[in-house]
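Numbering-wise, the sequence shown is residues 158 to 304 according to this note's numbering.
For each residue, glycine too, the CB sits at the ideal point set by N, CA and C.
Predicted model, so just to flag it, every value in this text is computed and none were measured.
To start, the structure itself, in structure tokens.
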Amino acid sequence: MADILHRIGVKTPSPEKVYDALTTVEGLAGWWTDDTKGSGDVGGVLEFRFLPGGFDMEVVELCPSERVAWRVADGPEEWIGTTIDWHLRQDGDYTIVLFTHRGWKEPVEFMHHCSTKWATFLMSLKSLVETGEGAPAPRDVQISDWH
């Protein structure tokens, strides 16, 4: 199994704004993709759509201002059954976000693409929380098609 790992620091006095951006449809649409629907509650399903396709994420765990965990229920074959975890902690003036997209069967080329895209969207999350303006799809940095 292979994992995608990223870390960012978001300048904010507490993790609450970051947590809200990860658990509300409005917050998620502000940094990941404009086309976001569903429920961010435990047991709910969040639907994220992009021009070439999309993902359905089942919310499996929420620990306010500390952790958000999703299981990929539908999307590209390589993603189904993988998990996405967001760990938050405060360090001075910054909320540290430790991101993991865990459980890839093997590090295929698509995983490299997704790692780059996750990094750009994490910077969009940082921008949303710090400035009020993210860069969600379709306004994100375009690097290539899915495959």
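Practice item. Would you list the residues sitting across from K194 in a DSSP beta bridge? Key: For the purposes of this step, residue 194 is identified with residue 37 of the sequence shown, where counting begins at 1. DSSP lists E204 as partners of K194.
With which residues is K174 paired in a DSSP beta bridge? Within the sequence shown, the letter at position 17 stands for residue 174. Paired residue(s): none; K174 is not in a bridge.
Straight-line CA distance for K168 to V298? Residue 168 sits at position 11 when you count from the first residue of the sequence shown. Residue 298 sits at position 141 when you count from the first residue of the sequence shown. Here the alpha carbons of V298 and K168 stand approximately 22 Å from one another.
**Prompt:** Is the beta carbon of T181 sitting closer than 8 Å to the one on A294?
**Reply:** For the purposes of this step, residue 181 is identified with residue 24 of the sequence shown, where counting begins at 1. For the purposes of this step, residue 294 is identified with residue 137 of the sequence shown, where counting begins at 1. The answer is no: Cβ separation not under 8 Å.
message: On the DSSP letters alone, give me the boundaries of the beta strand (DSSP E) that G232 sits inside.
response: Against the sequence shown, residue 232 aligns to sequence position 75. Taken as a continuous stretch (DSSP letters only), G232 belongs to no beta strand (DSSP E), as it is neither H nor E.
- Item | Inter-residue Cα distance where the pair is D248 and R259 | Along the sequence shown, one-based indexing puts residue 248 at 91. Along the sequence shown, one-based indexing puts residue 259 at 102. Cα to Cα, the separation comes out at about 25 Å.
| message | Less than 8 Å between the beta carbons of D213 and A186, yes or no? | response | Mapped onto the sequence shown, residue 213 falls at position 56. Mapped onto the sequence shown, residue 186 falls at position 29. Taking C-beta atoms as the reference points, D213 and A186 fail to come closer than 8 Å.
L285 and I165 closer than 8 Å at C-beta: Looking up residue 285 in the sequence shown gives position 128. Looking up residue 165 in the sequence shown gives position 8. No Cβ-Cβ contact shorter than 8 Å links L285 with I165.
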